[in-house]
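In this note's numbering, the protein residues as written are 26 to 450.
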């Protein structure tokens, strides 16, 4: 390996960056040249699979991780040093709504009554994408809207800053029709470029979360998704809708706020992933109630039902932690008002739900990547993986709240945020 003189960027602006709050938000993609090594040093490295490495440094070249070497062994053209900090894979949120936003004119949730254009909606989605990337989320699964597609593609081209995006484009619902119509709809979504099929198998928790699709409809939706090489993730609050989804061979259960142990054990037996949403979705709705109330099923009674569901969802999550073999992944259902605060879901899971901090981190890194079938590409810090890397002040395995204090965000080897520790709370 060529050895060049190291340039520390402990508190030095990155060339091409624009300084804000003592750091940089965006940079020249390769400040030291596309072929130079970039080295990241901190007190510890979490590999995303449960290991803690000390006395090491992460070496990145181009888009990928080249090595995890002994600290000080590499003289890269740029060295990022974060004493007291932790380096870990970028977070992966398996359930967001990239395009959800508040209307600039009314300040309320954008709805069918809004006068904004399709171009406006794409720009809002791009803004949400940046807010999540800047907070340390480097991959999202958006479930989903048509505005996701141009944003996903622009990010993939490197012309727009944001997390890697997978999208369902639009969901399968009761209105999609019977089994044959549903199969045809899956084919249409696949042809339109969907990365995943989203299915509503139950009603919203605001109206009771009761089943909406029959076993035959779910068999058709999940079976046709498999035929097209796509995963199927299912909105299912209660035991019956989740049970039908499991029997249909679906891939992942979303929400599951009303699930009992028997159903959770069935998910484990059938090797489904479970994506519970315990905090951010509720907290965000309650804080922004006036901006949602009166739109669709966001009624006074709907908000009462959501408040009643908070302890129930937490109880289901705690029960799930005790089910052997159940893979619990990280998702937030981030909607308007929540993008960029994704990390609060992990904090709540640990502090209120009782999840082990390392297990929570794995759920948002290598396990989340596996649920997206990206586990050979992202979610782990190891040679050959995409350089999706974040650094946080402190040690999140000791205090999960450290995830709030992101001091470095790198995706695909490009540094998008650098905040020296001196400027970190």
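For glycine and all other residues, C-beta sits at the position ideal for the given N, C-alpha and C.
- Residue 314 counts as exposed, since fewer than 16 other beta carbons sit within 10 angstroms of its beta carbon.
- Here residue 120 is actually not in contact with residue 153; their C-beta atoms are around 14 Å apart, not less than 8 Å.
- According to DSSP, residue pairing for residue 82 in a beta bridge involves 66 and 94.
- In this structure, 297 is the residue among 63, 184, 297 and 140 with its C-alpha nearest to the C-alpha of residue 349.
- By the Cβ-count criterion, residue 177 is buried, with 16 or more other Cβ atoms from all chains shown falling within 10 Å of its own Cβ.
- Excluding sequence positions up to five before and after residue 320, its CB lies within less than 6 Å of the CB of 134 and 136, all in the same chain and listed in chain order.
- In the same chain as residue 288, and ignoring 5 residues on each side of it, the C-beta atoms closer than 7 Å to its own belong to 264, 267 and 268, in chain order.
- Per DSSP, reduced to three states, the secondary structure at residue 236 is strand.
- Taking 8 Å as the upper bound for CB-CB distance, residue 414 and residue 112 are in contact here, some 6 Å apart.
- Under the three-pair Cβ rule at 8 Å, the stretch 422-434 does not count as touching the stretch 394-405.
- In the DSSP assignment, residue 335 falls within the unbroken alpha helix (DSSP H) covering 325-346.
- The three-state secondary structure of residue 121, taken from DSSP, is strand.
- Under a 10 Å Cβ-count criterion, residue 217 is classified as exposed, with fewer than 16 other Cβ atoms of the shown protein chains found around its own Cβ.
- With distances taken between CA atoms, residue 204 lies nearest to 249 out of 232, 249 and 184.
- CA-to-CA, the gap between residue 303 and residue 163 works out to about 21 Å.
- Assignment of residue 312 by DSSP, reduced to helix, strand and coil, places it in the helix class.
- Using a 10 angstroms sphere on the CB of residue 311, the tally of other CB atoms stays under 16, which defines it as exposed.
- For residue 88, the CB contacts under 7 Å within the same chain, skipping 5 residues up- and downstream, are 411, 412, 437 and 438 in chain order.
- For residue 177, the enclosing alpha helix (DSSP H) stretches over residues 173-182.
- Residue state for residue 396 is assigned as helix, using DSSP reduced to three classes.
- From the listed residues 337, 219 and 271, the smallest Cα separation to residue 285 is found for 337.
- By the CB criterion at 9 Å, residue 80 and residue 95 fall inside the cutoff.
- Across the set 62, 70, 60 and 61, the C-alpha of 70 shows the shortest separation from the C-alpha of residue 419.
- Just so you know, the alpha carbons of residue 62 and residue 194 end up roughly 37 Å apart.
- According to the DSSP secondary-structure assignment, residue 110 is paired through a beta bridge with 418.
- Secondary structure at residue 288: helix, using DSSP grouped into helix, strand and coil.
- The beta-carbon distance between residue 355 and residue 388, rounded to whole angstroms, is 5 Å. This is short enough to meet the 8 Å contact definition.
- Per DSSP, residue 369 lies in no beta strand (DSSP E); the unbroken alpha helix (DSSP H) holding it starts and ends at 368-376.
- Contact check for residue 246 against residue 187 fails: the beta carbons are separated by 9 Å or more.
- Counted as a single uninterrupted DSSP element, the stretch harbouring residue 136 is not any beta strand (DSSP E), since DSSP gives it neither H nor E.
- Beta-bridge pairing by DSSP links residue 221 to 256.
- Cβ-Cβ distances below 7 Å link residue 382 to 375, 421, 422 and 425 in the same chain, with the five nearest sequence neighbours on each side left out; the list follows chain order.
- In this structure residue 174 does not touch residue 197 by the C-beta definition: roughly 17 Å separates them, more than the 8 Å allowed.
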